[in-house]
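Going by the numbering used here, the letters in the sequence shown line up with residues 1361 to 1945, in that order.
Contents: one structure, followed by commentary.
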Amino acid sequence: MNAFSSTPLQRNLQGIPPHIDRWELPPGWRWGDQGVYTPFRHSMEVIDAFGRSLALVTAPDPAHAGWLFAEARHLAHRNHPSIPTTYHYWKSYREGRRGPGYLRRWVAGETVGARLRRIGTETVPYMLRVLRAAGSALAYLHDTGTMHGAIAPDTIYMSPTGRLYLLGWQWAVPRNEMPAGLRPDGAWVPTPAELASGPWVPTPQSDQWQLGAVCFAILTGELPPRTEVPPIRYVRPDCPASVAELIDAALAPSPSDRFANVSALLRQIERISGTATPLVVGVDQSSGEYKAVSEEDRLRWATGDDYEVLAALGTGQFGSVWRVRDLSLEREVALKMLHPNIARNEDAVARFRREARLAAQLKHPAIVPIYSWDAKGDVSWYIMELQEEGSVADLVARQGPRTLLEIAPQVDAVLDGLGLAHANGIIHRDIKPENILIDRYRRWRLSDFGIANALDDRMGASGTPAFAAPEQLLGEAQGVGSDLFAVAGIVIFALTGALPFGTGDARTILAQQLAGRVDLSAFPPELADWLERALKPEPDHRFADAASMQRQWRSLTRELARQERRATRWARWRKSVKRFFLKPR
């Protein structure tokens, strides 16, 4: 089998590559800070005049301009949720300073391959979600007479909100519109036996085999061999027998032994699973079939008339979060369902409902709006705006520590939102990276206001230990200072990727906090002083309120930005002087 764990098919790039560094963007547009190389293509983030993130797709080799235009033309005629929307193609004109290249939606998140390299093999439910979404896109393509030809772990993106996107569209154009002799690299794109030798002419059956290979990789961490693929249960024994049969059939050596088409494969999934996206799958050892599915079944039973459940987004101390479609308003939203042990307690639910009503009245760009609250039986939930870029925790996990320049305006906005909440008598008490969500415009936004307030005496000392203030861990009275303490911890986490007081249980973290053991030596003095004050063990020694903390934050970030600009100008001057004196005479 072929391991793909060492090097990704895609290469991230900081800065603008040479082939587009002379481009002149339209007025009001600017370059983003992300770029990705894929075979024969480069995608660069650009921010348009509306503040939207778009992908500028270009071909580094000028000889591939015709191929790039064919890709853009074919992609612009596709209409499927897993195919990113294409907006415009820039041709190359003599008087222009841009082109050729096309604009499509910028896809946030990471590839399935990157996720597997980061966390290892995935669960059967995750694999089924990928199989359904990617299979739906392939069935759509095949119905239009188009083959993809490069379905691989690194050409399938999963957004932080669980939406799947297919990329690698340079291979999905007719062969006569591609440069002769090119084909996907078999080291990264799984290749069925019928395409291994001779001309590369993808078919619906070869696309199906590649999709099965991705599922195989999700469960095993390796791409399957082209021939003599081992049965999936030999290498992943916990895979249900009915699911294993699907994958084994899709990976059959002979195309005639596979499913007649991808649509038939998808229909078989629905027949054996009974729900659209199972969350928890067990295996009966005697039959090898599914056990009951709990969380999603409860949610579907309660909300089926009003919402379509699309994907699980995560679970926390108080409930699970789901991406759902509001069937009456035809929009996607986030649904948070309280855990059963909380939802069955009438007093806790009543308190939470009161808190949610107060939180819903908070109107601020840095606070995620709550739309509605409802309950059915022992299932209680509320609806909030869907934040497409996931959370700060997701961002750091995917891309590593952030820069002060990037987070400065976001922390400023979060403090401004907290100031509004505190002025209305609402303390968050559970601020953590998972509860700071990021919308499509990269704005950080606070969520889950009111849950800790309403359910505190049910859950014990509130807050997540890694970011909770000492008074929270001790179960003492909490106020404005508790939220400000957590914000300082989030700043450390965002800049370093590390927890402010290390790992360990609540008692260990509390001991570190009370002793003032937080390492701030890596930060500039201005920032270290700000963090030290915000992380004082005694609430009275911290900032008096969010406004004063915000003013100090603005002052120190302005000063550090000035220092950075001076250092950059000096470095450029030294470089130019060195070049002048070293210039051959």
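Note that the Cβ used here is the ideal one computed from N, Cα and C, for glycine as well.
Which residues mark the beginning and the end of the beta strand (DSSP E) in which H1402 is found? Counting along the chain, the unbroken beta strand (DSSP E) around H1402 starts and ends at R1401 to I1407.
Continuous alpha helix (DSSP H) assignments of at least 4 residues falling wholly in the stretch 1859-1944: Contiguous alpha helix (DSSP H) elements confined to the stretch 1859-1944 occur at 1866-1874, 1885-1894 and 1906-1941, taking only those with 4 or more residues.
Alpha helix (DSSP H) runs wholly inside the stretch 1471-1544, at least 4 long, in chain order: Scanning the stretch 1471-1544 for uninterrupted alpha helix (DSSP H) segments of 4 residues or longer gives 1472-1479 and 1484-1503, listed from N- to C-terminal end.
Should the stretch 1456-1468 be called in touch with the stretch 1398-1416, which here means at least 3 C-beta pairs below 8 Å? Yes: at least three Cβ pairs fall under 8 Å.
Go to V1574, then tell me how far its alpha helix (DSSP H) extends in each direction, as first and last residue. From DSSP, the alpha helix (DSSP H) with V1574 extends over P1564 to T1580.
Based on Cα-Cα distance, which residue from R1926, E1405, Q1910 and R1390 lies nearest to D1843? Measuring from the Cα of D1843, the nearest candidate turns out to be Q1910.
Closest by CA to P1378, which one among Y1397, R1711 and S1442? For P1378, the nearest C-alpha among the options comes from Y1397.
I'd like the list of long-range same chain contacts for V1622, defined as Cβ closer than 6 Å, with 5 residues on each side in sequence excluded. Around V1622, the same chain offers G1495, L1498, A1499 and Q1568 as residues with beta carbons nearer than 6 Å, after the five sequence neighbours per side are excluded.
Quick check: what's the CA-CA separation for V1669 versus I1632? Going from the Cα of V1669 to the Cα of I1632 covers about 18 Å.
Beta-carbon spacing of R1401, Q1570 below 8 Å: Going by C-beta atoms, R1401 is not nearer than 8 Å to Q1570.
Taking contact to mean 3 or more Cβ pairs, one atom from each stretch, closer than 8 Å, check whether the stretch 1776-1788 and the stretch 1898-1912 are in contact. As far as the Cβ criterion goes, the stretch 1776-1788 touches the stretch 1898-1912, which means the pair count is three or higher.
Count the other CB atoms, across all protein chains shown, that sit within 10 Å of the CB of S1557; report buried if there are 16 or more and exposed otherwise. Under this definition S1557 is an exposed residue.
Neighbourhood of G1839 by C-beta, 7 Å cutoff - its chain only, sequence neighbours within 5 removed: Answer for G1839: I1787 and P1899, listed in chain order.
For N1372, does the three-state DSSP call read helix, strand or coil? Note: N1372 maps to strand in three-state DSSP.
So if DSSP puts D1734 in a beta bridge, which residue, or which two residues, is it bridged to? D1734 pairs with W1741.
Excluding the five sequence neighbours on either side, which residues of its own chain have a C-beta within less than 6 Å of the C-beta of S1807, listed in chain order? Within the same chain, S1807 has close Cβ partners V1728, N1795 and L1797.
Bridge partners - I1796, DSSP secondary structure assignment: DSSP, once it has assigned bridges, lists L1806 as partnering I1796.
Of all the options E1470, R1523 and A1432, which has the alpha carbon lying nearest to the alpha carbon of Q1394? For Q1394, the closest C-alpha among the options E1470, R1523 and A1432 is that of E1470.
Is it buried or exposed for S1680, if we count other Cβ within 10 angstroms and need 16 for buried? Result: buried.
I believe H1437 touches A1532 by the beta-carbon criterion, under 8 Å. Please report the beta-carbon distance rounded to the nearest angstrom. With a contact defined as Cβ atoms closer than 8 Å, H1437 and A1532 miss out at about 12 Å.
For W1661, does the count of other Cβ atoms within 10 angstroms reach 16, so buried, or fall short, so exposed? Around the beta-carbon of W1661, fewer than 16 other beta-carbon atoms lie within 10 Å, marking it exposed.
Measure the alpha-carbon distance for T1506 versus G1674 and round it to whole angstroms. C-alpha separation (whole angstroms): 35 Å.
For Q1770, name the three-state secondary structure that DSSP assigns. The three-state secondary structure of Q1770, taken from DSSP, is helix.
Helix, strand or coil at G1679 according to DSSP, with G and I counted as helix: Three-state DSSP puts G1679 in a strand.
Could you check the C-alpha separation between R1458 and E1384 for me, to the nearest Å? Distance between R1458 and E1384, taken at the CA atoms: about 6 Å.
Excluding sequence positions up to five away, which residues of its chain have a Cβ less than 7 Å from the Cβ of A1510? G1528, W1531, P1544 and V1549, listed in sequence order.
For R1695: DSSP bridge partner residues: Just to set this straight, residue 1695 is Leu in the shown sequence, not Arg. Answer by DSSP bridge pairing, in chain order: W1682 and I1743.
Let me confirm a value: T1445 is counted as buried when at least 16 other C-beta atoms fall within 10 Å, else exposed. Which label applies? Residue environment for T1445: exposed (fewer than 16 other C-beta atoms within 10 angstroms of its C-beta).
Looking only at its own chain, which residues have a Cβ that is under 6 Å from the Cβ of Y1801, when we skip the five neighbours before and after it? These residues qualify, in order along the chain: G1411.
Under 8 Å, with one C-beta from each stretch per pair, do the stretch 1594-1603 and the stretch 1512-1520 reach the 3-pair mark? They do not touch, by the three-pair rule.
Inter-residue spacing [alpha-carbon to alpha-carbon] between Y1742 and A1710: Cα to Cα, Y1742 sits roughly 13 Å from A1710.
Hey, would you say Y1667 sits closer than 8 Å to L1695, going by beta carbons? A contact, by the Cβ cut-off of 8 Å.
Would you tell me roughly how many angstroms separate the C-alpha atoms of P1613 and G1546, rounded to the nearest one? Those two C-alpha atoms are separated by around 17 Å.
Return helix, strand or coil for V1549, following the three-state DSSP convention. Under the three-state reduction of DSSP, V1549 is assigned to coil, being neither helix nor strand.
Quick check: F1883 and Q1873, are their CB atoms within less than 8 Å of each other? Contact flag unset, no.
Less than 8 Å separating the beta-carbons of A1768 and T1663? Against a cut-off of 8 Å, the Cβ pair of T1663 and A1768 comes out as no contact.
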